[in-house]
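The structure appears below as structure tokens.
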Amino acid sequence: MDEYDVTIAESNKAIALNPSNYDAFIMRGRAYRQKGKYDKAIDDYSHAIKLNPNFALAYHNRGSVYNLVNRWDKAIADFDKAIQLDPKNTDSFVNRGLSFSNKGKHDKAIADLDMAIELNPNLIVAYSNRGLEYFHKGKLDHAIADLNKAIGLNPNLAIAYETRGYAYSRKGNYNQAKADLQKAKELGL
195 MDEYDVTIAE SNKAIALNPS NYDAFIMRGR AYRQKGKYDK AIDDYSHAIK LNPNFALAYH
255 NRGSVYNLVN RWDKAIADFD KAIQLDPKNT DSFVNRGLSF SNKGKHDKAI ADLDMAIELN
315 PNLIVAYSNR GLEYFHKGKL DHAIADLNKA IGLNPNLAIA YETRGYAYSR KGNYNQAKAD
375 LQKAKELGL
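Numbered by our numbering, the letters in the sequence shown go through residues 195 to 383 in order.
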């Protein structure tokens with residue numbers, strides 16, 4: 195029995211004692227997500243939303259699972275609601291940006307990542323993801339600038355070195371590209 199099984203068992207007890215305990219559904223949903231039982235996670239988050247329709251975290255968590263199962267439109271709808279309820283939650287902007295990116299809507303992804311950075315100027319994942327979005331759009335200088343910022347905030351962020359390496363390669367700066375790709379490899383990518 196791993197830690198997630200323990201969480202599921204404890205949540206089951208809490209729900210049996212109080213079927214209106216939406217926090218228990220959230221906890222069990224997280225455990226199901228970690229175990230790869232996405233349908234059960236979605237069901238638990240949906241139940242938590244029925245119990246408390248103004249619980250931004252439930253929408254955010256369900257949206258995150260929808261992202262994992264490639265249901266981008268449902269994810270976006272949940273992140274929209276999470277942002278409406280908690281407009282300063284950077285994670286919802288970052289994850290909605292991921293949904294937009296997966297739909298090929300890079301401008302919308304960049305707009306969400308801009309907002310996340312406005313809310314938290316040191317949010318590493320937002321710079322890294324926005325750098326990737328700029329890379330996809332061919333805006334290599336913008337991509338490199340964002341990836342430089344991400345690496346400046348976390349010098350061990352392998353994915354940022356890799357993406358920056360590809361950007362340098364597209365710009366014809368093969369020495370810097372090689373150095374970044376080697377660094378990404380050293381960091382475990």
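Glycine included, every Cβ here is placed at the ideal spot set by N, Cα and C. Note that the structure is a prediction, hence the values are computed from the model and not measured.
Whose C-alpha, out of the options, is nearest the C-alpha of residue i?
| i | options | result |
| --- | --- | --- |
| A371 | L334, G382, G346, A344 | L334 |
| L307 | L292, L341, E356, N296 | L292 |
| S295 | K282, A252, F329 | F329 |
| D217 | A361, K234, A242 | A242 |
| T284 | G366, H300, A305 | A305 |
| N261 | G366, L383, N206, I236 | I236 |
| H300 | N215, G325, K229, M221 | G325 |
| F219 | G332, N255, K302 | N255 |
| S258 | E356, A276, P281, N289 | N289 |
| L313 | G332, S322, S363, P281 | P281 |
| G346 | K229, R364, K331, S322 | S322 |
| G230 | S240, Y198, N215, P213 | Y198 |
| N215 | K234, D196, Q228, K244 | K244 |
| N350 | R227, A361, K377, M195 | K377 |
| N246 | N367, A276, P315 | A276 |
| L383 | G366, K234, E356 | E356 |
Mind checking whether residue i and residue j have CB atoms under 7 Å apart?
| i | j | result |
| --- | --- | --- |
| V200 | Y232 | no |
| G359 | D340 | no |
| A344 | A337 | no |
| A188 | L317 | Residue numbering for the chain in the displayed model covers 195 to 383; residue 188 lies beyond these limits and cannot be assessed. |
| I311 | A320 | yes |
My understanding is that residue i touches residue j, with C-beta atoms under 8 Å, so please give their C-beta distance in whole angstroms.
| i | j | result |
| --- | --- | --- |
| M309 | F287 | 5 Å |
| A225 | I202 | 5 Å |
Can you list, in chain order, the residues of its chain whose CB lies under 8 Å from that of residue i, leaving out five sequence neighbours each side?
| i | result |
| --- | --- |
| Y279 | As written in the sequence, residue 279 is Leu, which differs from the Tyr given in the question. Around L279: N248, F249, A250, Y253. |
Keeping to the same chain, check which residues put their C-beta closer than 6 Å to that of residue i; ignore five residues upstream and five downstream.
| i | result |
| --- | --- |
| W266 | S293, N296, K297 |
| R222 | I202, S205, D238 |
| A271 | none |
| A361 | F329, L334, A337, I338 |
| R227 | A235, V259 |
Less than 6 Å between the CB of residue i and some heavy atom of the ligand FMN, yes or no?
| i | result |
| --- | --- |
| L262 | Within the structure as shown, the ligand FMN is missing, as the structure has no ligands at all. |
If I measure Cβ to Cβ from residue i and keep anything under 7 Å in the same chain, skipping five residues before and after, which residues do I get?
| i | result |
| --- | --- |
| S240 | R256 |
| K268 | Y260 |
| N348 | I318 |
| R364 | L334 |
| K331 | H300 |
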